[in-house]
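Below is one structure, written out as structure tokens; the observations come after it.
Protein chains: 2
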Amino acid sequence: MSEKKPVKRRTRRSQGSGTLSEVAQAAQVSEMTVSRVLRRKDKVADKTRDHVLKVIQDLGYVPNRLAGALASSSSNQLAVIIPSLRNIVFPEVLSGITDRLDEAGYQAVIGISDYNQEREASLIEAMMSWRPAGIIVTNTRHSEQATKVLRVTKSPVVEMMDLTGSPIDMCVGLDHHKAGREMARHLVAKGYRNIGYLGCDLIKDAAAGKRYAGFCDALRDAGLCIATSLTVDEPSGVGLGRHHMSALLAKVPQGQKLDAVYFSNDAVAVGAQMYCMAEDIRTPEDLALAGFSGLEIGQAMPIPLTTIRSKRYHVGWLSADYVVRRLRGEDPPRVTDAGFELIEGATA
Amino acid sequence: MSEKKPVKRRTRRSQGSGTLSEVAQAAQVSEMTVSRVLRRKDKVADKTRDHVLKVIQDLGYVPNRLAGALASSSSNQLAVIIPSLRNIVFPEVLSGITDRLDEAGYQAVIGISDYNQEREASLIEAMMSWRPAGIIVTNTRHSEQATKVLRVTKSPVVEMMDLTGSPIDMCVGLDHHKAGREMARHLVAKGYRNIGYLGCDLIKDAAAGKRYAGFCDALRDAGLCIATSLTVDEPSGVGLGRHHMSALLAKVPQGQKLDAVYFSNDAVAVGAQMYCMAEDIRTPEDLALAGFSGLEIGQAMPIPLTTIRSKRYHVGWLSADYVVRRLRGEDPPRVTDAGFELIEGATA
DNA sequence: TTGAATAGTGTTATCGATAACAAAATGCAG
DNA sequence: CTGCATTTTGTTATCGATAACACTATTCAA
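The structure is reproduced here in structure tokens:
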């Protein structure tokens, strides 16, 4: 048997935060014991634990989770993908998510898809390579590639905000089509007949598209249809409503007059309301306005906005909750309708 | 030499996504070659690379970055800590950060401190255990423990939004004290003398505290002082201004009358403006209003808000940029004043 | 033709933890 | 005091990649 002398090599430089084995040496115990102390798993004698903890403290040791996660093939990171941060709705959802994850000791890793399916797909792949404990994505429409990756993974997957009968795994949201219908019926019941629409790109924002479809369907059932509509391919926000409301009104055919406008969401509606206030268009006498979301700003307006409250924080919280529960071996519902709620307001 | 027969053990279950070595086997090359193909580092013959890529494709292999980061002791994750997501300012900063990080191939891991130093400290520790490539924190005030951890790490650290002469590492922000002074001078120049203040908790929100201090200092220089002030310990937002404006006005001593109010930020100011509109208090004739941030909503109001624009997106972008540049071996400035800009508006 | 430089690929040790099993220490009934 | 159950602690292999170096095949100037 030939004896191989191990080649002497320059050791790779260490990270500086110390390692388990350094702690173990300093504490005169095995690495496993230190590991057990840190994870509060298995039994460790009180005396030993106290001693090890003290050494850890003294050394200022910070465990390396990369190594931990690799060895145990389990991470406390959870991937979350949302379309944007500029629409206040998503930070609110995110708040619900992080609140729930915090409680359970998980950490959100956030990706912004910019309403772009390809970006979403590449984000999902990049995030999966960190082997997260679970993943939460927005809406139920994804590229083929993304769907495949999400189906294959064994980690819990939640599609949130929107609903579908056939989720990849789990799904928490609300029925946007129904929300659109409900608002249409409300406006019709209030006597409005010439209704316009102003909103963002309906393809990009699938949920807004569903609301619009539902709205039109309900109008049709009432023998009506959208009088004038304008969609703009720019980020949804107050500015959109403020700057494009005049264009919508200008688009109304000669001799007709709108008596109400439905918006893709509250931000746009609030912008439009600002426009009306600035132009002395009285609400709702001259023109009724209706939004969607139930944003704080809409309700803080001098004339509170007629809208539909989506339970965003709750949806986020529940989504995270389902992932956490699944990881604990429980079996949360596959499809959850978080519902919504019409806010009468005073703009319609 | 005693021969040890390796004990047969149940192998740990694999993750299912395949491994480098499986790919290597399937492609009939060494693991290193596959690794090189994936990282586009070192040379690989075109023929070999194409072949390996095909195998990777066929197997649907997703590399395990936990292992990669551990072995190379380098990650593409960047820790970002912000106080809150509910204040739209932070999502905007975050947008700047993620935009810049995206370009450079990094990923933000976000933690929410809730304006709480202890939470911040424990978040920092938890995040450091993932050995992020860098870390961005908000403001310049941190618990002792957190400061220590940040000082010790070799990764780039950016403190953003606020300024300090002695940053832990780097610092990008604006001078809030100066911003407060500037607004005070502006109001005084406009002839206002009885100025009130309404805002959120000044201890929690250190930057708002500095603005207030600067505001008061400049008033003092003009021989004035804050006539009436009210701070409320609840999340800053439109609701705060909308609901507490009446309390501020009620607090004004008999016989006096406020002619202007300074707010901790635009959200609060907008809320107050809503209150005024609802109560038929004319702006600025009866009461002038001034905020801070330069939010879109403030400028969309029928009477645009007098305020100071902070370059939030830019601050976020720059912060991320500095980290990226440092990681590339460059040497970005240690302290960067991103400045601000007074927006005249029409509420003062 | 030759030898040095370069290109391409492979081998071995290692990153820093945890899983699974093994062994030692301890407690306690009889 | 003995022997078995229970606690507590240790040993070894492994997680899935990359670093550092070693080696082989080409290329090309002299």
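Residue numbers (the numbering used here), protein chains in the order written: chain F, 4 to 351; chain H, 4 to 351.
Ideal Cβ positions, reconstructed from N, Cα and C, are used throughout, including at glycine.
Check                                                                                                                   : Outcome
Interface flag, leucine 292 of chain H vs chain F, CB-CB below 7 Å                                                      : no
Endpoints, the alpha helix (DSSP H) within which phenylalanine 295 of chain H is located                                : Phenylalanine 295 of chain H -> no alpha helix (DSSP H), and no H or E assigned at all.
Contact belief for glycine 176 of chain F with methionine 186 of chain F at Cβ below 8 Å, rounded distance in angstroms : That pair is no contact at about 17 Å.
Neighbour-count burial assignment, glutamate 3 of chain H, 16 or more Cβ in a 10 Å radius                               : Residue 3 of chain H lies beyond the range of chain H shown here (4 to 351); nothing can be said about it.
Residue ranges of each alpha helix (DSSP H) within the segment 180-258 of chain F, 4 or longer                          : 209-224 and 241-254
Serine 33 of chain H, DSSP secondary structure in three states                                                          : coil
Interface flag, isoleucine 113 of chain F vs chain H, CB-CB below 7 Å                                                   : yes
7 Å Cβ cutoff, threonine 22 of chain H in contact with chain F                                                          : no
Enclosing alpha helix (DSSP H) for glutamate 123 of chain F [first to last residue]                                     : 120-131
Endpoints, the alpha helix (DSSP H) within which tyrosine 109 of chain H is located                                     : It is not in any alpha helix (DSSP H) - tyrosine 109 of chain H carries neither H nor E in the DSSP assignment.
CB contact flag (tyrosine 109 of chain H, leucine 81 of chain H, <7 Å)                                                  : yes
For glycine 176 of chain H, the residue or residues it bridges with in DSSP                                             : H:Met164 and H:Asp340
Anticipated Cβ contact below 8 Å, valine 152 of chain F with isoleucine 127 of chain F, distance rounded                : 6 Å
Closer than 7 Å to chain H by CB, alanine 1 of chain F                                                                  : Because chain F in this structure spans residues 4 to 351, residue 1 of chain F falls outside the shown range and cannot be described.
Residues bridged to glycine 137 of chain F (per DSSP)                                                                   : F:Leu81
Backbone secondary structure at alanine 263 of chain F - three-state DSSP                                               : strand
Under 7 Å between C-beta atoms of isoleucine 346 of chain H and arginine 312 of chain H                                 : yes
Chain F residues whose Cβ lies nearer than 8 Å to that of asparagine 67 of chain H                                      : Leu73, Ser132 and Arg134
Three-pair Cβ contact test at 8 Å for the segment 226-237 of chain H versus the segment 279-293 of chain F              : no
Where the beta strand (DSSP E) containing isoleucine 284 of chain H begins and where it ends                            : No beta strand (DSSP E) holds isoleucine 284 of chain H; DSSP gives it neither H nor E.
Within chain H, partners of alanine 107 of chain F - CB distance below 7 Å                                              : In chain order: nothing, as chain H lies at least about 13 Å away.
Same chain only: Cβ atoms within 6 Å of serine 20 of chain H, ignoring 5 sequence neighbours per side                   : Val65
Residue range of the alpha helix (DSSP H) that includes serine 76 of chain F                                            : That residue, serine 76 of chain F, is in no alpha helix (DSSP H); it is neither H nor E in DSSP.
Close Cβ partners of asparagine 142 of chain F (< 7 Å) along its chain, the five nearest in sequence each way excluded  : Glu162, Met164, Asp165, Ala209 and Ala210
For threonine 51 of chain F, the three-state DSSP class (helix, strand or coil)                                         : helix
Chain F within 7 Å of lysine 8 of chain H, Cβ atoms only                                                                : Reliability of the predicted coordinates at lysine 8 of chain H is poor, the pLDDT of 32 falling under 50, and the value obtained from them is presented with this limitation in mind. Not closer than 7 Å to any Cβ of chain F, the Cβ of lysine 8 of chain H fails to qualify, so no.
Residue-chain proximity (methionine 280 of chain H, chain F), Cβ-Cβ < 7 Å                                               : yes
From H:Arg188, H:Lys213 and H:Pro336, residue whose alpha carbon lies closest to that of arginine 144 of chain H        : H:Lys213
Three-state secondary structure assigned by DSSP to serine 2 of chain H                                                 : In the structure as shown, chain H starts at 4 and stops at 351, and residue 2 of chain H therefore has no counterpart that could be examined.
Within chain H, the residues that glycine 274 of chain F reaches when beta carbons sit closer than 7 Å                  : Ala303
Cα-Cα separation, alanine 410 of chain F to aspartate 289 of chain H                                                    : Chain F is shown only over 4 to 351; residue 410 of chain F falls outside these bounds and no answer can be derived.
7 Å Cβ cutoff, threonine 286 of chain F in contact with chain H                                                         : no
Pair within 7 Å by beta-carbon distance, valine 326 of chain H and glycine 183 of chain H                               : no
Distance cut-off 6 Å: lysine 151 of chain F Cβ against heavy atoms of the ligand HEM                                    : Looking for the ligand HEM in the displayed structure turns up nothing, as the structure carries no ligands at all.
Below-7 Å beta-carbon distance, threonine 101 of chain H vs any chain F residue                                         : yes
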